[in-house]
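A.B. asks:
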Amino acid sequence: MSVEGATVPRAELASYYGRPVLKPPVWTPEIPIYFFTGGIAGASAGLALAAGLRGNDELARRAWLNAAAAVGVSPALLVSDLGRPERFLNMLRLFKVTSPMSVGSWVLVGSGLTTTVAAADAWSGLVPAPVARPARALAAALGLPLATYTAALLANTAVPVWHEARRILPFVFAAGAATSASAAALLTTAPEAAAPARRLAVGGAVAAVTATEVMTRRLGPLGAPYRSGAAGALKRAALGLTVAGAAVVAGLGARSRPAAMAGGALLLGGALCERGSIFRAGFQSAADPDATVGPQRRAIAAGERRGASRRK
Amino acid sequence: MPDAALEVRTYGAEARPRVGFFTDTSLCIGCKACEVACKEWNRVPDDIAPWTGDSYDNTRALGADTWRHVAFIEQRVPVGADGAARSLVQTAAAEHLADDAGLETHQEGDGLRWLMASDVCKHCTDAACLDVCPTGALFRTEFGTVVVQQDICNGCGYCVPACPFGVLDRREGDGRVWKCTLCYDRLKDDREPACAQACPTDSIQFGELDVLHVRAEKRLQTLTAAGQEEARLYLADSDDGVGGAGAFFLLLDEPEVYGLPPDPVATTRDLGSVWAATGAAAVALGAGIAAAVLGGRRR
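Residue numbers (the working numbering), protein chains in the order written: chain Y, 3 to 314; chain X, 76 to 374.
Following this line, the structure appears as structure tokens:
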């Protein structure tokens, strides 16, 4: 109607009664816990294989057991999140590369089977070598994507705080997996055999803190969820626990078993809070219509995109 | 990313012309007959909630139990050149213009303007919900529409945050995801969807998409010529972020005023960079583990 309305820029972004454009996810807290256990399982398998190849059987056995335990509880967490848990097998009706959840389901199945065989062999020695050797290699190989595909799952949504972090989010998850797998090993392994786990724990913690900082900075205003509410509180907790855990492991982990265990527990807590923070941030981001409309408007204003509407 | 035209071609001789909705919001009178007809025909459960106080909209948003949603926007727009309210005489003159064009914006003498729009699933050409669905419950029909197979859906919920329009949601107590089917059952009987049939002003027009596009262009021309310069087509072009949509709209203001994203993009368009980063991170994790184990002294 008004000629002015067409030329005067809006003081602020328009919205429909401040309501979200997107739907928040329907996922339950089992999902970030699965991100955590999947990371432990994936990175533990790699740690176990490498330690075994290096002749550190004590660390290898414990890491295989951690991997098997973590990969064992994972399907239960996922199934309980489904709206129709009795239909969980429908996840394996297809293999769809456009759906990280489909790809991940197959990775989890493969990882679960091979890790279980590898762990059984590590503790019993009863599995014939022609079976155990490829099982170990496959478990370690599948463990790496098992630890990172969950980031692809989140990034492949319309939720701005996840989607716009798509290039860095998998590295946050990889670092968290390295930290938590080695922290789990520190809980069960004597310090004399745990040197590789200590190095991985400290390195992973440094990488996790760095990657998270890079992610939130690159997100700019879209990273607001990480500074407020549940996501913000969890992020601060993750940072504190991770830094404290890494310091304890680096300083005392080689000398004292109780210190190594305490450091490992702190690191595990930090990794869990980190996944929880990222998970909650998605809910906060989806609930904010400005987070959805703002970047789209700016891209249109900058001439990078033409948008979805066209006047005469 | 799967191509919608390719998906329909797999139907072979059973493939039908792509159909959709042209929702011309300049004709909407906010009667909500579409909402009621949809609920009745599709047996969508009631979801009665307290009044919002947001104009006449107590339906709130599309969701598992709302497949048509009429938005009500009250705007006080400066109508004179000086931003002052138009006199009754001027309004009457404008109404003659409105009569000629059949415009229904309900602008009143004090500058209050009503916008009403019936929202629905867009049945995108590049449908993110369909791409991310791990079970194949979401599929492309022979009419080019996007439908959830309720006997397959296991309620994983991935489509919910994947939709750039916030259309899909999981139904409480049922556990599965529900959304507009574009009345798939009626289409199979060569009948138009319930909402389009119930619409008393033809604000919701159903038909073959090619035909609707031609009609929409004409309508846009008429309204623009009548001075409605804010009129625009939304999701009518195949070069937008979702490849155009089966349900497209004529709007009288920016999309976000109606709660619609101005530049929706199917998330799977960035899938290449997502998988590349995921693979690189997996390799980095492997390298980190190897370095930690092999890097130090033995043990």
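Ideal Cβ placement from N, Cα and C applies to all residues, glycine included.
If contact means a Cβ-Cβ distance below 8 Å, which residues of the region 270-296 of chain X contact chain Y?
C.D. replies: Under the 8 Å Cβ criterion, the region 270-296 of chain X contributes Leu295, Gln296.
A.B. asks: So, under 8 Å CB-CB, X:Ala215 and X:Val83 are touching, yes? Tell me the CB distance rounded to an integer number of Å.
C.D. replies: On the second sequence, position 140 is the one that residue 215 of chain X refers to. On the second sequence, position 8 is the one that residue 83 of chain X refers to. Looking at the sequence shown, residue 215 of chain X is not Ala but Arg. Between X:Val83 and X:Arg215 the Cβ distance is about 6 Å, and since that is below 8 Å, they are a contact.
A.B. asks: Beta-carbon of Y:Ser258 versus every beta-carbon of chain X: anything under 7 Å?
C.D. replies: For the purposes of this step, residue 258 of chain Y is taken as the residue at position 256 of the first sequence. For Y:Ser258, the answer is no, since every Cβ of chain X falls outside 7 Å of its Cβ.
A.B. asks: Less than 7 Å separating the beta-carbons of X:Ala291 and X:Cys109?
C.D. replies: Start at 1 with the first residue of the second sequence, and residue 291 of chain X comes out as number 216. Start at 1 with the first residue of the second sequence, and residue 109 of chain X comes out as number 34. Taking 7 Å as the Cβ cut-off, X:Ala291 and X:Cys109 do not qualify as a contacting pair.
A.B. asks: Report the neighbours of X:Asp244 on chain Y: residues whose CB is nearer than 9 Å to its CB, in chain order.
C.D. replies: Indexing the second sequence from 1 puts residue 244 of chain X at position 169. Within chain Y, the residues near X:Asp244 are Lys25, Val28.
A.B. asks: Shorter than 7 Å from the beta carbon of X:Pro337 to some beta carbon of chain Y?
C.D. replies: Stepping through the second sequence from its first residue, residue 337 of chain X is reached at position 262. By this cut-off, X:Pro337 is an interface position.
A.B. asks: Using a Cβ-Cβ cutoff of 7 Å, what residues of the region 95-107 of chain Y are near chain X? List them in chain order.
C.D. replies: Answer set for the region 95-107 of chain Y: Arg95, Leu96, Lys98, Thr100, Ser101, Met103, Ser104, Ser107.
A.B. asks: Apply the 10 Å Cβ neighbour rule to Y:Thr212 and answer buried if 16 or more other Cβ atoms are within range, or exposed otherwise.
C.D. replies: Locating residue 212 of chain Y in the first sequence gives position 210, counting from the first residue. Under this definition Y:Thr212 is an exposed residue.
A.B. asks: Give the interface partners of Y:Val295 over in chain X, defined as CB-CB distance under 7 Å, in chain order.
C.D. replies: For the purposes of this step, residue 295 of chain Y is taken as the residue at position 293 of the first sequence. Near Y:Val295 (Cβ distances below 7 Å), the residues of chain X are Glu331, Pro336, Pro337.
A.B. asks: In this structure, how does DSSP classify X:Glu283 when only helix, strand and coil are distinguished?
C.D. replies: Position 208 of the second sequence, counted from the start, is the residue given in the question as residue 283 of chain X. Three-state result, X:Glu283: strand.
A.B. asks: Taking the alpha carbon of Y:Gly234 as the point to measure from, which residue in Y:Ala246, Y:Thr214, Y:Ala249 has its own alpha carbon closest?
C.D. replies: Looking up residue 234 of chain Y in the first sequence gives position 232. Of the candidates Y:Ala246, Y:Thr214, Y:Ala249, the one whose C-alpha sits nearest the C-alpha of Y:Gly234 is Y:Thr214.
A.B. asks: Are Y:Ser182 and Y:Leu270 close, meaning C-beta to C-beta below 7 Å?
C.D. replies: Locating residue 182 of chain Y in the first sequence gives position 180, where the first residue counts as 1. Locating residue 270 of chain Y in the first sequence gives position 268, where the first residue counts as 1. Yes, the Cβ-Cβ distance between Y:Ser182 and Y:Leu270 is below 7 Å.
A.B. asks: Assuming Y:Lys314 contacts X:Thr299 (C-beta within less than 8 Å), just tell me the rounded distance between them.
C.D. replies: What you label residue 314 of chain Y is simply residue 312 of the first sequence in a count that begins at 1. What you label residue 299 of chain X is simply residue 224 of the second sequence in a count that begins at 1. Sure, about 4 Å apart at Cβ, within 8 Å.
A.B. asks: Can you tell me whether DSSP reads X:Ser420 as helix, strand or coil?
C.D. replies: Outside the displayed span of chain X (76 to 374) sits residue 420 of chain X, for which this structure offers no information.
A.B. asks: Could you name the residues of the same chain whose beta carbon sits closer than 6 Å to that of Y:Ala62, not counting the 5 residues immediately before and after it, in chain order?
C.D. replies: Taking the first sequence and counting its residues from 1, the one referred to as residue 62 of chain Y is at position 60. Within the same chain, Y:Ala62 has close Cβ partners Ala50, Ala53, Gly54.
A.B. asks: Give every residue of the same chain whose Cβ lies closer than 6 Å to the Cβ of X:Ala156, excluding the five residues on either side of it in the sequence, and list them in chain order.
C.D. replies: Along the second sequence, read from residue 1 onward, the residue named residue 156 of chain X stands at position 81. Reliability of the predicted coordinates at X:Ala156 is poor, the pLDDT of 45 falling under 50, and no value is obtained from them.
A.B. asks: Show which residues of chain X have a CB atom less than 7 Å away from the CB atom of Y:Val161.
C.D. replies: Stepping through the first sequence from its first residue, residue 161 of chain Y is reached at position 159. Result: Pro236.
A.B. asks: Chain Y beta carbons: is any one of them nearer than 7 Å to that of X:Ile364?
C.D. replies: Residue mapping note: residue 364 of chain X aligns to position 289 of the second sequence, counting from 1. True, the Cβ-Cβ gap to chain Y drops below 7 Å.
A.B. asks: Return the CA-CA distance between X:Gly95 and Y:Met103, expressed in angstroms with no decimal places.
C.D. replies: One-based indexing of the second sequence puts residue 95 of chain X at position 20. One-based indexing of the first sequence puts residue 103 of chain Y at position 101. Each residue's alpha carbon lies about 30 Å from the other.
A.B. asks: Between the region 68-83 of chain Y and the region 112-122 of chain Y, do three or more beta carbon pairs fall short of 8 Å?
C.D. replies: Because the criterion of three Cβ pairs below 8 Å is met, the region 68-83 of chain Y and the region 112-122 of chain Y touch.
A.B. asks: Chain X beta carbons: is any one of them nearer than 7 Å to that of Y:Ala154?
C.D. replies: Reading the first sequence from its first residue, position 152 is the one you call residue 154 of chain Y. With 7 Å as the cut-off, Y:Ala154 counts as an interface residue toward chain X.
A.B. asks: Taking Cβ-Cβ distances shorter than 9 Å, what residues in chain Y pair up with X:Leu326?
C.D. replies: Within the second sequence, numbered from 1, the residue matching residue 326 of chain X stands at position 251. Neighbours of X:Leu326 on chain Y, chain order: Ser311.
A.B. asks: For Y:Ala194, tell me which candidate among Y:Ala141, Y:Ala264, Y:Ser258 has the shortest Cα-Cα distance.
C.D. replies: To locate residue 194 of chain Y, count along the first sequence from 1; it is residue 192. Here the sequence assigns Glu to residue 194 of chain Y, which means Ala is not the residue at that position. Nearest C-alpha to Y:Glu194: Y:Ser258.
A.B. asks: Going by DSSP, which residues form a beta bridge with X:Val149?
C.D. replies: For the purposes of this step, residue 149 of chain X is identified with residue 74 of the second sequence, where counting begins at 1. Note on residue identity: the sequence assigns Glu, not Val, to residue 149 of chain X. DSSP lists X:Trp189 as partners of X:Glu149.
A.B. asks: State the DSSP-derived secondary structure class of Y:Gly323, mapped to helix, strand or coil.
C.D. replies: The structure shown does not extend to residue 323 of chain Y, since chain Y spans only 3 to 314, so no value can be given for it.
A.B. asks: Under 8 Å: do the region 230-240 of chain X and the region 103-123 of chain X share three or more Cβ pairs, one atom per stretch?
C.D. replies: Flag = no, the region 230-240 of chain X and the region 103-123 of chain X do not touch.
A.B. asks: In its own chain, which residues sit with a C-beta less than 6 Å from the C-beta of X:Pro330, not counting the 5 before and 5 after it?
C.D. replies: Locating residue 330 of chain X in the second sequence gives position 255, counting from the first residue. Tyr309, Pro337, listed in sequence order.
A.B. asks: With a threshold of 16 other CB atoms inside 10 Å of the CB of Y:Phe97, please say whether the residue is buried or exposed.
C.D. replies: Indexing the first sequence from 1 puts residue 97 of chain Y at position 95. With fewer than 16 Cβ atoms within 10 Å of its Cβ, Y:Phe97 is classed as exposed.
A.B. asks: Hey, how far is the Cα of Y:Gly113 from the Cα of Y:Gly255?
C.D. replies: Counting from one through the first sequence, the residue named residue 113 of chain Y turns up at place 111. Counting from one through the first sequence, the residue named residue 255 of chain Y turns up at place 253. First, the residue type needs correcting, since residue 113 of chain Y is Ser and not Gly in the sequence shown. Their Cα atoms are separated by approximately 30 Å.
A.B. asks: Identify every residue that forms a DSSP beta bridge with Y:Phe37.
C.D. replies: Indexing the first sequence from 1 puts residue 37 of chain Y at position 35. Y:Phe37 pairs with nothing; no bridge assigned.
A.B. asks: Closer than 9 Å, Cβ to Cβ, to anything on chain Y: give me those residues from the region 294-322 of chain X, in chain order.
C.D. replies: Residues passing the 9 Å Cβ filter: Leu295, Gln296, Leu298, Thr299, Ala300, Gly302, Gln303, Glu304, Glu305, Ala306, Arg307, Leu308, Tyr309, Leu310, Ala311, Asp312, Asp314, Asp315, Gly316, Val317, Gly319, Ala320.
A.B. asks: Name the residue from X:Ala139, X:His144, X:Tyr86 whose alpha carbon lies nearest to the alpha carbon of X:Thr98.
C.D. replies: Working through the second sequence from its first residue, we reach residue 98 of chain X at position 23. Ranking X:Ala139, X:His144, X:Tyr86 by Cα distance to X:Thr98 puts X:His144 first.
A.B. asks: If you reduce the DSSP assignment to three classes, tell me which class Y:Ala301 lands in.
C.D. replies: Within the first sequence, residue 301 of chain Y is the residue found at index 299, counting from 1. Note: Y:Ala301 maps to helix in three-state DSSP.
A.B. asks: Output needed for Y:Val10: all residues of its chain with C-beta closer than 7 Å, excluding positions within five of it in sequence on either side, in chain order.
C.D. replies: For the purposes of this step, residue 10 of chain Y is taken as the residue at position 8 of the first sequence. Residue placement at Y:Val10 cannot be trusted, given a pLDDT of 43 that sits under 50; what the coordinates show is reported in the next sentence. Excluding positions up to five away in sequence, the list is empty.
A.B. asks: At the level of alpha carbons, what is the spacing between Y:Phe90 and Y:Ala180?
C.D. replies: The residue you call residue 90 of chain Y lines up with position 88 of the first sequence. The residue you call residue 180 of chain Y lines up with position 178 of the first sequence. So the two alpha carbons sit approximately 29 Å from each other.
A.B. asks: If we cut at 7 Å on Cβ distances, does X:Val207 have a partner in chain Y?
C.D. replies: As a position in the second sequence, residue 207 of chain X is number 132, starting the count at 1. Closer than 7 Å to some Cβ of chain Y, the Cβ of X:Val207 qualifies, so yes.
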